[in-house]
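K.L.:
All residue numbers for the first sequence refer to the numbering used here, where the first residue is 6 and numbers rise by one.
Even for Gly, the Cβ is constructed at its ideal location relative to N, Cα and C.
A quick note: this is a predicted structure, and the numbers were derived from the prediction, not measured.
To start, I am sharing the structure in question, which I have written as structure tokens.
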Amino acid sequence: MSTPRFYVTTAIAYPNGRPHMGHAYEAIATDVIARFKRLDGHDVRFLTGTDEHGLKIDQAARAAGQAPKAYVDAMVAPFQALDAALEISFDRFIRTTDPDHKALVQALWQRMAANGDLYLGRYEGWYSVRDEAYYDEAELVEAQDAAGTTVKLSPQGTPVEWTVEESWFFRLSAYQERLLALYDSQPGFIQPQSRFNEMRAFVAGGLSDLSVSRTSFSWGIPVPGDERHVMYVWLDALANYLTGADASGQGGLDGEWWPADLHVVGKDVVRFHTVYWPAFLMSAGLALPKTVFGHGFLLNRGEKMSKSLGNVVDPAEMVSRFGVDRLRWYLCREVAFGEDGSYSDEAIVERTNADLANGIGNLAQRSLSMVAKNLGGVMPTRGAAGDSELRLKQAFHDGTDAYFAAMNALALHRGLEALMGMVNAANLYFADNAPWALAKTDVARMAEVLAATLDATRRIVLLAQPFMPGSCARLLDQLGVAADARDFNALNTPVAAGAQLPPPAGVFPRITLES
RNA sequence: GGCAGCGUAGCUCAGUUGGUGAGAGCGCCGGAUUCAUAACCCGGAGGUCGGCAGUUCAAAUCUGCCCGCUGCUACCA
């Protein structure tokens, strides 16, 4: 009898600026999955962190007159603060400047080299420092600079210069067949489906070898045996998942948590995670992750966030304005996981008032306050189930099934949809049985209705925990649910009749959008 | 340019292999009610199902073309 394990990761963030809503979204979604798995009886390891090497960091540090490490130390702090504010339950916050990671990446390199997949060559082309990428001549656009001379720019509009450097290459071209075999044998490897199709087509179109080292800067992990080179940032960055799999902190390639069950990444980096990463692992003779999920982007009022549009939102400010659980709820409920989504202050207020204040919060408050006023706060006894109770039970049976099916399929928004269906069923049960009227005519029956409502509420809050850990803990306190009866194993363990409940207090006050 | 997907009520979207009068949630309007956070409950509001032309007894659901949007990818050497 071994506990099932689940190793889940976010992509690591590049700390060359402040964290934005995209970071918050990925962290929240992954945290919800991690918490769901824990409550569902899994032994979970959740890894997140920062990707700290590369030319851009090096240059920014110089500009700031700091050593790179000191610079990133300061830049990483806001990311860690954000994770704390968002109540992200990671087991390790990895930084690619951590010593065990350096050791691991070098070991990984040596494995790949031993397999004959690394060779020294020359790389030349139009290089954009800002994008850290080479471009084909044809991709470039011409523009006038401030002095009026014609300059070449990358498709992103960043300056490029002709660059020639010696580079180590990875024989990616040798892995086309194995990658295709991977995709075909494991259709769930890349999710959602649309990303799978794109990546398969990309690989089917042929692969070029990949430059995996640079000599143009030194802020990186040195190539073993050729220290003029530092490793290409993606090889360095992707390997963080392996480093984090060794919980001993030794940076061994045989980390006990490997392989990962799930990498949650942005749709923009799906290729790195589903083509390069498995090829690296195959080369090193290591197991492959089970699933890579590419989530969508968040749009501010339907528009992409950008500094020039001036619509960049600080997620920490959103937390202080709405509260962490309203933000978590909104992002998981309103955005189809895997699709792009949009948010606005109005939408957050509207959605969370409807679901949390009017729905879950009101359900808890109306039933708890009746128990407090009419029954001295003592948990009432369930009665024999009549038609009304059977309908409620059926709705919860179906809803719970739908919830688990959705959550296990990573359809977080569907999980919450199922949850709200149960909230509606419970509110309907309450209204149909009108316990406030029974209080004057049949107190025993009233108590039964309250007991049934309270247990329905308990089930709802239990299932809502991955999304709103803090608020749910407070609600479960009010519902008299013991600390050791809060995982999904306890779904069918009602609070014992006779238990004294604390005085109820609203957990989800209705909010308005002032100013 | 190629490949893939999308365009359904104000908003976000469901709509298996074509067939009872096209749906849900939110918002909105009306009613009822008062346990509750003016919340819950009930009812309603009528959208050319992007456009055009076809296939069919019958299409939102199939075919072709067009318009718009998105993603991946390629090339104008």
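For the structure I just gave you, are there three or more beta carbon pairs, one from the stretch 463-477 and one from the stretch 444-454, closer than 8 angstroms?
P.N.:
No contact exists between the stretch 463-477 and the stretch 444-454.
K.L.:
Is the stretch 248-267 touching the stretch 98-118 in the sense that three or more CB pairs, one from each, lie closer than 8 angstroms?
P.N.:
Counting Cβ pairs under 8 angstroms, three or more are found: they touch.
K.L.:
Alpha helix (DSSP H) containing Met26: first to last residue?
P.N.:
That run of the alpha helix (DSSP H) goes 26-44.
K.L.:
From the DSSP output, in three-state form, read off Met236 for me.
P.N.:
Strand.
K.L.:
Can you list, in chain order, the residues of its chain whose CB lies under 6 angstroms from that of Met451, leaving out five sequence neighbours each side?
P.N.:
Cβ within range, chain order: Pro440, Leu443, Ala444.
K.L.:
From the DSSP output, in three-state form, read off Ala18 for me.
P.N.:
The answer is strand: DSSP assigns Ala18 an E or B state.
K.L.:
Which term fits Ala502, buried or exposed, when burial requires 16 or more other beta carbons within 10 angstroms of its beta carbon?
P.N.:
By the neighbour-count rule (16 or more Cβ atoms within 10 Å), Ala502 is not buried but exposed.
K.L.:
Counting C-beta neighbours from all protein chains within 10 Å, is the total for Ser520 16 or more, i.e. buried, or is it exposed?
P.N.:
Low confidence applies here, because Ser520 scores a pLDDT of 46, under 50, leaving its location unreliable; read the following figure in that light. Under this definition Ser520 is an exposed residue.
K.L.:
Sort Phe298, Thr462, Ile93 by Cα distance to Arg371 and report the nearest one.
P.N.:
Closest by alpha carbon: Thr462.
K.L.:
Can you tell me where the beta strand (DSSP E) holding Leu267 begins and where it ends?
P.N.:
Residues 267-271.
K.L.:
Here's the rule: buried if 16 or more other CB atoms are within 10 angstroms of the residue's CB, otherwise exposed. What is Leu125?
P.N.:
Exposed, by the Cβ-count rule.
K.L.:
Rounded to whole angstroms, what's the CA-CA distance from Gln64 to Val235? Just pull it up for me.
P.N.:
Answer to the nearest angstrom: the Cα atoms are 15 angstroms apart.
K.L.:
Count the other CB atoms, across all protein chains shown, that sit within 10 Å of the CB of Gln198; report buried if there are 16 or more and exposed otherwise.
P.N.:
Gln198 should be labelled exposed.
K.L.:
Taking Met117 and Phe175 to be in contact with their CB atoms under 8 angstroms, please state how far apart those CB atoms are, rounded to whole angstroms.
P.N.:
With a Cβ gap of about 7 angstroms, Met117 and Phe175 count as contacting.
K.L.:
Exposed or buried, what is Thr517 when buried is set at 16 or more other beta-carbons lying within 10 Å of its beta-carbon?
P.N.:
Burial call: exposed.
K.L.:
Check whether the stretch 37-50 and the stretch 470-479 touch, using three or more Cβ-Cβ pairs below 8 angstroms as the test.
P.N.:
These segments touch.
K.L.:
How far does the alpha helix (DSSP H) with Leu518 in it reach, from first residue to last?
P.N.:
Per DSSP, Leu518 belongs to no alpha helix (DSSP H) and is neither H nor E.
K.L.:
Mark Trp167 as exposed unless 16 or more other C-beta atoms lie within 10 angstroms of its C-beta, in which case mark it buried.
P.N.:
Label assigned to Trp167: exposed.
K.L.:
Hey, out of Phe302, Glu57, Glu31, whose CA is closest to Val77's CA?
P.N.:
Taking only the C-alpha atoms, the option nearest Val77 is Glu57.
K.L.:
For Leu184, which option in Glu171, Glu170, Arg205 has the closest C-alpha, if you only look at C-alpha atoms?
P.N.:
It is Arg205.
K.L.:
Quick one: measure Cβ to Cβ for Thr102 and Leu52, integer angstroms, because I've assumed they're closer than 8 angstroms.
P.N.:
Actually they are not in contact, since the Cβ atoms of Thr102 and Leu52 sit about 16 angstroms apart, beyond 8 angstroms.
K.L.:
Determine, using beta carbons only, whether Gln505 and Gly346 come nearer to each other than 7 angstroms.
P.N.:
Cβ distance not < 7 angstroms, so Gln505 and Gly346 don't count as in contact.
K.L.:
What's the call for Val192, buried or exposed, on a 16-neighbour Cβ count within 10 Å?
P.N.:
Inspection of the sequence shows that residue 192 is occupied by Pro rather than by Val. The residue in question, Pro192, is exposed, as its Cβ has fewer than 16 Cβ neighbours within 10 Å.
K.L.:
Could you name the residues that DSSP lists as bridge partners for Ser347?
P.N.:
Answer is Leu304.
K.L.:
List in chain order: all unbroken alpha helix (DSSP H) runs of 4+ residues lying wholly within the stretch 399-479.
P.N.:
As far as the stretch 399-479 is concerned, its whole alpha helix (DSSP H) runs of at least 4 residues are 417-438, 440-446, 448-469.
K.L.:
So for Tyr76, helix, strand or coil by DSSP?
P.N.:
Note: Tyr76 maps to helix in three-state DSSP.
K.L.:
Does the distance from the C-beta atom of Ala411 to that of Arg419 stay below 7 angstroms?
P.N.:
Cβ atoms of Ala411 and Arg419: closer than 7 angstroms.
K.L.:
Counting only the same chain and skipping the five closest in sequence on each side, list residues whose C-beta sits under 7 angstroms from that of Pro20.
P.N.:
So the qualifying residues of the chain are Thr55, Glu57, Val77, Met80, Val81, Phe84.
K.L.:
I need the straight-line Cα distance from Val340 to Gln115, nearest angstrom please.
P.N.:
Looking at the two C-alpha atoms, the distance is approximately 42 angstroms.
K.L.:
When you compare the CB positions of Ala377 and Pro509, do they come within less than 7 angstroms of one another, or not?
P.N.:
Yes, the Cβ-Cβ distance between Ala377 and Pro509 is below 7 angstroms.
K.L.:
Grouping DSSP H, G and I as helix and E and B as strand, with all else coil, what is Trp173?
P.N.:
Three-state DSSP puts Trp173 in a strand.
K.L.:
Do three or more CB pairs link the stretch 319-334 to the stretch 87-101 at distances below 8 angstroms?
P.N.:
With the cut-off at 8 angstroms, the stretch 319-334 and the stretch 87-101 touch.
K.L.:
Starting from Val49, trace the beta strand (DSSP E) both ways and give me its first and last residue.
P.N.:
That run of the beta strand (DSSP E) goes 48-55.
K.L.:
To which residues does DSSP link Phe298 through a beta bridge?
P.N.:
In DSSP, Phe298 forms a bridge with Gln196, Val269.
K.L.:
Contact between the stretch 22-38 and the stretch 217-225: three or more CB pairs below 8 angstroms?
P.N.:
No, because fewer than three Cβ pairs between the stretch 22-38 and the stretch 217-225 fall closer than 8 angstroms, the two stretches do not touch.
K.L.:
Can you tell me whether DSSP reads Arg396 as helix, strand or coil?
P.N.:
Residue state, collapsed to three classes: helix.
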